[in-house]
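Numbering (the numbering used here), first residue to last: 317 to 765. Note that beta-carbon positions come from the ideal geometry of N, C-alpha and C, so glycine has one too. From a predicted model like this one, the values you see are computed outputs, not experimental measurements. These notes concern the structure reproduced below.
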């Protein structure tokens with residue numbers, strides 16, 4: 317209880333200081349003449365879903381992620397200070413946790429459907445403040461994120477606080493050659509709720525964010541069930557505490573470096589994501605670990621077809637991560653699926669302490685372009701090769717979920733597909749084969765890199 321009071325006081329103090337800074341900043345702003353140049357503060361105004369290229373790169377901290385689905389035809393309306401629509405509007409680089417927030421690596425432990433429903437609603441409280449709720453719903457997961465952001469006048473950064481909740485089926489506790497359920501023969505659902513405080517700043521081409529987060533994590537037998545489970549049907553632990561629920565307090569650092577020529581569909585440049593998470597042993601489970609992850613993508617224009625207006629591209633991607641200390645089973649690195657090793661279902665390959673995966677993907681120039689409802693549709697072909705391994709680390713995860721489900725630990729996927737790009741977003745139709753004879757056809761929204 318004493319520790320929780322300290323955390324509450326810390327959060328309260330940070331917000332109080334931020335609000336004071338905001339009040340002082342607005343007084344100064346009244347004395348200064350208006351300037352057409354974008355500042356960090358006025359960048360917090362609601363933006364259209366397909367914004368123009370900003371003149372000040374600090375605007376990128378809070379712009380919507382352009383690689384994700386967005387409906388500019390009938391959604392994303394702005395009326396005064398009010399903003400709502402479909403798609404994502406939270407920043408692309410963040411150290412806060414939430415179902416709709418962008419991860420450093422794509423080894424996710426929650427299922428992702430082909431067409432999730434993602435929407436947001438926001439309100440601009442002042443020139444330098446906004447509040448946004450963003451939600452995501454699909455057949456096997458549901459999540460919501462309520463955040464408040466402020467950019468004090470004269471400050472180079474943005475302060476944010478959020479509360480979030482998410483419930484979903486876990487790829488860690490599914491898939492594999494052996495089916496393992498809960499003692500009542502139902503599937504395991506992971507429930508999370510919590511919040512955090514973040515500071516984010518853009519320095520040249522590097523976007524940095526630091527945050528402190530708290531989550532209560534528990535295992536249930538349905539999306540809206542109150543019954544808690546500590547172990548599976550064979551007695552293997554599914555939480556660190558062994559009581560069916562854990563408290564997770566973490567310090568998070570997230571960084572994004574990007575020099576790509578097009579955020580939505582790059583054909584040249586580099587994009588690097590890094591993340592460090594330090595868990596503090598507080599509350600149920602007393603979880604302590606250091607998690608490090610990295611994601612590097614290089615887009616190389618080949619220009620093999622000289623008579624094309626668009627270039628073909630070679631994409632090289634490497635992702636890796638590891639835990640030092642405890643490895644909560646529900647957060648182990650999950651390999652396999654459309655965002656990982658194609659040709660396999662989500663989480664089919666591994667649930668490990670560590671992982672490394674690489675991808676080589678060739679993207680052709682646009683070979684077919686047409687218009688539908690005054691929207692230009694560009695179509696490209698792709699071929700790919702994916703490889704991933706957990707480096708034999710499944711045995712060191714608490715409860716050994718990958719071992720008891722007989723997941724192979726490594727895999728190779730290869731195949732081809734179509735990328736259909738429009739103002740709404742990027743649609744990926746990909747057929748993949750695994751080295752063990754598996755086949756998977758996936759339809760995804762947004763670029764995986």
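Verify the CB distance criterion: does residue i have a CB-CB separation below 7 angstroms to chain B?
i: residue 634; result: Here chain B cannot be found, since the structure has a single protein chain.
Just the C-alpha distance for residue i and residue j, rounded to the nearest angstrom, thanks.
i: residue 669; j: residue 590; result: 17 angstroms
i: residue 626; j: residue 737; result: 13 angstroms
i: residue 752; j: residue 411; result: 37 angstroms
i: residue 471; j: residue 441; result: 18 angstroms
i: residue 671; j: residue 612; result: 14 angstroms
i: residue 656; j: residue 733; result: 15 angstroms
i: residue 633; j: residue 500; result: 41 angstroms
i: residue 498; j: residue 629; result: 46 angstroms
i: residue 452; j: residue 743; result: 18 angstroms
i: residue 745; j: residue 701; result: 15 angstroms
i: residue 482; j: residue 458; result: 6 angstroms
i: residue 420; j: residue 570; result: 8 angstroms
i: residue 639; j: residue 606; result: 6 angstroms
i: residue 586; j: residue 574; result: 6 angstroms
i: residue 757; j: residue 455; result: 18 angstroms
i: residue 277; j: residue 426; result: Residue 277 falls outside the range modelled here, since the chain spans only 317 to 765, and no answer is possible.
i: residue 560; j: residue 544; result: 6 angstroms
i: residue 588; j: residue 635; result: 10 angstroms
i: residue 715; j: residue 552; result: 5 angstroms
i: residue 484; j: residue 533; result: 12 angstroms
i: residue 726; j: residue 684; result: 36 angstroms
i: residue 699; j: residue 728; result: 14 angstroms
i: residue 692; j: residue 520; result: 33 angstroms
i: residue 509; j: residue 694; result: 40 angstroms
i: residue 535; j: residue 755; result: 31 angstroms
i: residue 548; j: residue 406; result: 36 angstroms
i: residue 434; j: residue 598; result: 33 angstroms
i: residue 338; j: residue 464; result: Residue placement at residue 338 is poorly supported in this model, since its pLDDT is 43, which falls under 50; the coordinates are not used for a value here.
i: residue 408; j: residue 572; result: 9 angstroms
Just checking my contact of residue i with residue j at CB under 8 angstroms: how many whole Å lie between their CB atoms?
i: residue 401; j: residue 436; result: 6 angstroms
i: residue 604; j: residue 554; result: Incorrect: roughly 19 angstroms between the Cβ atoms, too far for contact.
i: residue 423; j: residue 637; result: 7 angstroms
i: residue 713; j: residue 648; result: 5 angstroms
i: residue 502; j: residue 538; result: 7 angstroms
i: residue 438; j: residue 447; result: 6 angstroms
Comparing alpha-carbon positions, which option in the options lies nearest residue i?
i: residue 614; options: 579, 602, 646 and 606; result: 579
i: residue 680; options: 687, 642 and 735; result: 735
i: residue 618; options: 612, 607, 606 and 631; result: 631
i: residue 720; options: 508, 476, 550 and 432; result: 550
i: residue 517; options: 489, 621, 485 and 476; result: 476
i: residue 480; options: 609, 462, 407 and 694; result: 462
i: residue 565; options: 706, 513, 653 and 757; result: 513
i: residue 540; options: 556, 607, 546 and 506; result: 506
i: residue 665; options: 695, 629, 455 and 708; result: 708
i: residue 515; options: 538, 403 and 567; result: 567
i: residue 511; options: 533, 478, 704 and 763; result: 478
i: residue 416; options: 427, 404 and 426; result: 404
i: residue 595; options: 576, 763, 398 and 563; result: 563
i: residue 610; options: 558, 661, 674 and 659; result: 674
i: residue 428; options: 694, 754, 662 and 658; result: 662
i: residue 397; options: 409, 406 and 443; result: 443
i: residue 748; options: 488, 414, 660 and 490; result: 660
i: residue 469; options: 445, 703 and 460; result: 445
i: residue 687; options: 418, 740 and 711; result: 740
i: residue 621; options: 682, 667 and 576; result: 682
Who are residue i's beta bridge partners in DSSP?
i: residue 692; result: 687
i: residue 698; result: 679 and 733
i: residue 639; result: 607
i: residue 739; result: Answer is none; residue 739 lacks a bridge partner.
i: residue 524; result: 517 and 571
i: residue 562; result: 533
i: residue 673; result: 635 and 704
i: residue 667; result: 650
i: residue 484; result: 457 and 506
i: residue 476; result: 465 and 514
i: residue 617; result: 629
i: residue 747; result: 732 and 757
i: residue 546; result: For residue 546, which the question treats as bridged, DSSP gives no partner whatsoever.
i: residue 553; result: 547
i: residue 440; result: 446
i: residue 595; result: 566 and 605
i: residue 589; result: 572 and 611
Return yes when at least one heavy atom of the ligand COA lies under 6 angstroms from the C-beta of residue i, else no.
i: residue 512; result: Here there are no bound small molecules, and the ligand COA is not part of this structure.
Looking at C-beta atoms only, is the number of pairs between the region 644 to 655 and the region 569 to 588 that lie closer than 8 angstroms three or more? no
Does the contact criterion of 3 or more C-beta pairs under 8 angstroms hold for the region 487 to 497 versus the region 526 to 534? no
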